[in-house]
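Novice:
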Amino acid sequence: MEIPSWLLSPRLWDFLFDAVVSTIVLLTIVWAERKIAARVQMRVGPFHISPRLGGYFQLIADAVRFVMQEVIITVDSYRVLFVALPPLFVTLALMPSFMVPLSPYLALLSRPSLHYGIVMALAILFYLFIIVVGIGWAVNNRFAYIGAAREALIIAAYEIPLLDAFASMFLTYKTIDPIEIVAKQTYIVGAIYNPLAFIVYIIGVAMATSRFPFEIADYEGDVATGPYSDFSSIFLALTYAGGIYIALFSYSLLGALVFLGGWAPITPGPWPADVWGNLAAAAWVMIKTFALMLFFVFLRSVMPVARLDHTLSFSWRWLLTIALAATAVSAAEYFLL
Numbered sequence: 001m002e003i004p005s006w007l008l009s010p011r012l013w014d015f016l017f018d019a020v021v022s023t024i025v026l027l028t029i030v031w032a033e034r035k036i037a038a039r040v041q042m043r044v045g046p047f048h049i050s051p052r053l054g055g056y057f058q059l060i061a062d063a064v065r066f067v068m069q070e071v072i073i074t075v076d077s078y079r080v081l082f083v084a085l086p087p088l089f090v091t092l093a094l095m096p097s098f099m100v101p102l103s104p105y106l107a108l109l110s111r112p113s114l115h116y117g118i119v120m121a122l123a124i125l126f127y128l129f130i131i132v133v134g135i136g137w138a139v140n141n142r143f144a145y146i147g148a149a150r151e152a153l154i155i156a157a158y159e160i161p162l163l164d165a166f167a168s169m170f171l172t173y174k175t176i177d178p179i180e181i182v183a184k185q186t187y188i189v190g191a192i193y194n195p196l197a198f199i200v201y202i203i204g205v206a207m208a209t210s211r212f213p214f215e216i217a218d219y220e221g222d223v224a225t226g227p228y229s230d231f232s233s234i235f236l237a238l239t240y241a242g243g244i245y246i247a248l249f250s251y252s253l254l255g256a257l258v259f260l261g262g263w264a265p266i267t268p269g270p271w272p273a274d275v276w277g278n279l280a281a282a283a284w285v286m287i288k289t290f291a292l293m294l295f296f297v298f299l300r301s302v303m304p305v306a307r308l309d310h311t312l313s314f315s316w317r318w319l320l321t322i323a324l325a326a327t328a329v330s331a332a333e334y335f336l337l
């Protein structure tokens, strides 16, 4: 019996692989964050849900709890925005992961559009702060306003350096095409080509995703989760308890492609002749993505929370300077390599 052609579509397999593996990665990274923090603080961490697996399925239990909770919409909130923005937040956070390839032949976008995949993914991720500010406005209380104002200031701290870091790598690779970018990292990854750009990327993503020490806009001990302070049930799961991790996944996936070599050194053949080679390449990309996410969540256990004014001062004095130096390095590589 002949297999239907649509079952062998690379777009279908890219979508399924991305959806399934990203879910596993997100489950694992939240569990790992809790376990690492517990280890540092000499606690047990998640345990009672699936104790034989070390509490691995605790997040599923939490998700069920969120879904079963009553949805409370406060009287003073702007109801339409209160309901509409959380799903929009998680949608925009997840979209970039479907805009980049997982192997040379495994991508959801067609070849002409795929050429601009990384640029489009970055553009969407930078729109997330508008959603966060809108959420703070919709919640309509003092903590939400403070958190939204902080988020608007934080974007001024990381947006230009982070864009500069990616632009520097585009200059080094002499292309913005993700497949060509990975091909040029077969022997040397981008983090070695331009370590300054990689450092700026790490710090910028930590700011963009509220990772310690930059959990300023929604720090629970300071502004009671800021813009998300009145969210409960599924709305909290889509934003503070879940959406931020999805955004971290998308940023880490872009970092794996641009700075860690993507699927290199695996070089799969055309799809569908080399199905297993392409799936192995996609799995290798996800392993690198998970490694980056693991580093970011580890920061929660070892870093204090920075002050807002210190963060802005550091960004404009030092982070932007390092980003400009990274651009100078890439400019030299552009003419010398």
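First residue of the sequence shown? That's 1 in my numbering, and the numbers climb one at a time after it.
A virtual CB, placed ideally from N, CA and C, is assigned to each residue, including glycine.
Pull up the DSSP beta-bridge partners for Ser103, would you.
Specialist: Counted from its first residue, the sequence shown places residue 103 at position 103. BP columns for Ser103 point to Leu106.
Novice: So, are the CB atoms of Trp31 and Pro51 less than 8 Å apart?
Specialist: Residue mapping note: residue 31 aligns to position 31 of the sequence shown, counting from 1. Residue mapping note: residue 51 aligns to position 51 of the sequence shown, counting from 1. It is not a contact, given that the beta carbons lie outside the stated cut-off.
Novice: Between Pro161 and Trp318, what straight-line distance do the alpha-carbon atoms span, to the nearest angstrom?
Specialist: The residue given as residue 161 occupies position 161 in the sequence shown. The residue given as residue 318 occupies position 318 in the sequence shown. Their Cα atoms are separated by approximately 10 Å.
Novice: Using alpha carbons as the reference points, say which of Ile154, Ala167, Leu236 and Ile181 lies closest to Ala340.
Specialist: This structure leaves residue 340 out entirely; the chain is present only between 1 and 337.
Novice: What number of angstroms, rounded off, separates the C-alpha of Ala93 from the C-alpha of Tyr173?
Specialist: Translated into the one-based positions of the sequence shown, residue 93 becomes position 93. Translated into the one-based positions of the sequence shown, residue 173 becomes position 173. Each residue's Cα considered, the two are about 26 Å apart.
Novice: Rank Asp18, Ile179 and Tyr334 by C-alpha distance to the C-alpha of Phe98 and give the top, closest one.
Specialist: Within the sequence shown, the letter at position 98 stands for residue 98. Phe98 has its Cα closest to that of Asp18, out of Asp18, Ile179 and Tyr334.
Novice: Mind the definition here: the segment 128-147 touches the segment 179-190 only if three or more C-beta pairs lie below 8 Å; say whether that holds.
Specialist: Too few Cβ pairs lie closer than 8 Å, so no.
Novice: Go to Phe126, then tell me how far its alpha helix (DSSP H) extends in each direction, as first and last residue.
Specialist: By 1-based counting over the sequence shown, the position of residue 126 is 126. Looking at the DSSP string, the run of the alpha helix (DSSP H) that includes Phe126 is Gly117 to Phe126.
Novice: Can you find at least 3 beta carbon pairs, one from the segment 261-273 and one from the segment 112-130, that sit closer than 8 Å?
Specialist: Output reads no: the segment 112-130 does not touch the segment 261-273.
Novice: Can you list, in chain order, the residues of its chain whose CB lies under 8 Å from that of Ala165, leaving out five sequence neighbours each side?
Specialist: Taking the sequence shown and counting its residues from 1, the one referred to as residue 165 is at position 165. Cβ within range, chain order: Ala197, Phe198, Val200, Tyr201, Gly204, Ala323 and Ala326.
Novice: Buried or exposed: which applies to Met68, given that a residue is buried once 16 or more other Cβ atoms fall within 10 Å of its Cβ?
Specialist: Position 68 of the sequence shown, counted from the start, is the residue given in the question as residue 68. Met68 is exposed by the Cβ-count criterion.
Novice: Counting only runs of 3+ residues fully inside the segment 258-315, write out the beta strand (DSSP E) ranges in chain order.
Specialist: Runs found: none.
Novice: Note down, in chain order, each residue of its chain lying with its Cβ closer than 8 Å to the Cβ of Tyr334, except the 5 sequence neighbours on either side.
Specialist: Here the question's residue 334 lines up with position 334 in the sequence shown. Within the same chain, Tyr334 has close Cβ partners Leu171, Thr172 and Lys174.
Novice: For Gly147, is the classification buried or exposed, using 16 other Cβ atoms within 10 angstroms of its Cβ as the cut-off for buried?
Specialist: Stepping through the sequence shown from its first residue, residue 147 is reached at position 147. By the neighbour-count rule (16 or more Cβ atoms within 10 Å), Gly147 is buried.
Novice: Starting from Thr321 and walking both ways along the alpha helix (DSSP H), at which residues does that stretch end?
Specialist: Sequence index remark: in the sequence shown, residue 321 carries index 321 (1-based). That run of the alpha helix (DSSP H) goes Leu320 to Leu336.
Novice: Which residues bound the alpha helix (DSSP H) around Met207?
Specialist: Here residue 207 is taken as the residue at index 207 of the sequence shown, counted from 1. Per DSSP, Met207 belongs to the alpha helix (DSSP H) from Pro195 to Ala208.
Novice: Between Ala306 and Arg111, what straight-line distance do the alpha-carbon atoms span, to the nearest angstrom?
Specialist: Locating residue 306 in the sequence shown gives position 306, counting from the first residue. Locating residue 111 in the sequence shown gives position 111, counting from the first residue. Answer to the nearest angstrom: the Cα atoms are 43 Å apart.
Novice: Near Ala281, which residues of its chain fall below 6 Å by C-beta distance, leaving aside the five closest residues on each side in sequence?
Specialist: Along the sequence shown, one-based indexing puts residue 281 at 281. Ser103, Trp263, Ile266 and Pro268.
Novice: With a threshold of 6 Å on Cβ separation, who are the neighbours of Leu27 within its own chain once the five nearest residues in sequence on each side are excluded?
Specialist: Numbered from its first residue, the sequence shown carries residue 27 at position 27. Around Leu27: Leu59.
Novice: In chain order, what residues of the same chain lie with their CB nearer than 7 Å to the CB of Arg79, ignoring the 5 residues before and after it?
Specialist: Indexing the sequence shown from 1 puts residue 79 at position 79. If we look at Arg79 and ignore the five residues flanking it on each side, its Cβ neighbours are Ile73.
Novice: Give the straight-line distance between the Cα atoms of Arg11 and Leu254, rounded to the nearest whole angstrom.
Specialist: Against the sequence shown, residue 11 aligns to sequence position 11. Against the sequence shown, residue 254 aligns to sequence position 254. For Arg11 and Leu254, the distance between alpha carbons rounds to 19 Å.
Novice: Pick helix, strand or coil for Gln58, following the three-state DSSP scheme.
Specialist: On the sequence shown, position 58 is the one that residue 58 refers to. Three-state result, Gln58: helix.
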